[in-house]
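> In the numbering used here, the protein residues as written are 58 to 206. Pasting in a structure now, in structure tokens, and then I'll have a few things to ask.
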Amino acid sequence: MESPQPSIISFIKQYPHYFASTILLFLLIIALLIPWNKLFSPDPTAPSAKSSLTSSSLSTALNSERDSIETTFLSKYSFVAESFTIKDIVLFRDNIAGLTLTYGLTTYRTLLQKQDDSWTILAPPEIVLSYADFPDIDQSIIKDLNNLE
């Protein structure tokens, strides 16, 4: 007489560690097949942080806007003038600027946006700006600002 064929359920009950290892191996193979760099990289179709303006025209625009940007920032954060140093102002587009300031060895960053001929501070100065806090701003701008020292 033939012995009965073991079912999958009886095999799993008898050898649970084999089943768990098989599941983990399957998940690992699936994970290796997914292009992770595509999942976590910025959308390639999103507009670039690079402005349609040339670097020389951005530089010229920054020279004319620098005082206005600084005044806007210092009017809201007047204490900054006493203990912080405004290190750099970068114009990413004709209407988006980044400002870095230092306190000792720590660099803080903030974004400003020009609306109706006046600059608006989008967030208080932070050590690292988060993409989630600025969903309407191109991620490459935030990345570039975070990389400034």
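Glycine included, each C-beta is placed from N, C-alpha and C at the ideal position. Given the structure is predicted, the values throughout are model-derived calculations rather than measurements.
(1) Whole angstroms are fine: how far does the CA of Ile66 sit from the CA of Pro101?
(2) Pull up the DSSP beta-bridge partners for Asp151, would you.
(3) Considering Ile178, what are the terminal residues of the beta strand (DSSP E) in which it resides?
(4) Would the beta-carbon of Thr128 fall within 8 angstroms of that of Ile178?
(5) Assign Tyr134 to one of three DSSP states: helix, strand, or coil.
(6) In three-state DSSP terms, what is Tyr75?
(7) Residues in its own chain within less than 7 angstroms of Leu158 by CB, not counting five upstream and five downstream?
(8) Are the beta-carbon atoms belonging to Ile126 and Leu162 less than 8 angstroms from one another?
(9) Short of 7 angstroms in beta carbon distance, which residues of its chain neighbour Phe191, apart from the five on each side in sequence? Order them along the chain.
(10) Looking at the unbroken beta strand (DSSP E) that takes in Leu202, where does it start and where does it end?
(11) Is it buried or exposed, Leu202, if we count other Cβ atoms within 10 angstroms and call 16 or more buried?
(12) Start and end of the beta strand (DSSP E) containing Leu169?
According to the structure data:
(1) At Pro101, the pLDDT of 44 sits below 50, so the modelled position is not reliable and the matter cannot be decided from this model.
(2) According to DSSP, which records beta bridges pairwise, Asp151 is partnered with nothing at all.
(3) 175-178
(4) no
(5) coil
(6) helix
(7) Val137, Phe141, Thr142, Ile143, Lys144, Tyr165, Pro182
(8) no
(9) Leu168, Leu179, Ile199
(10) Careful: Leu202 lies outside any beta strand (DSSP E), inside the alpha helix (DSSP H) at 196-204.
(11) buried
(12) 163-172
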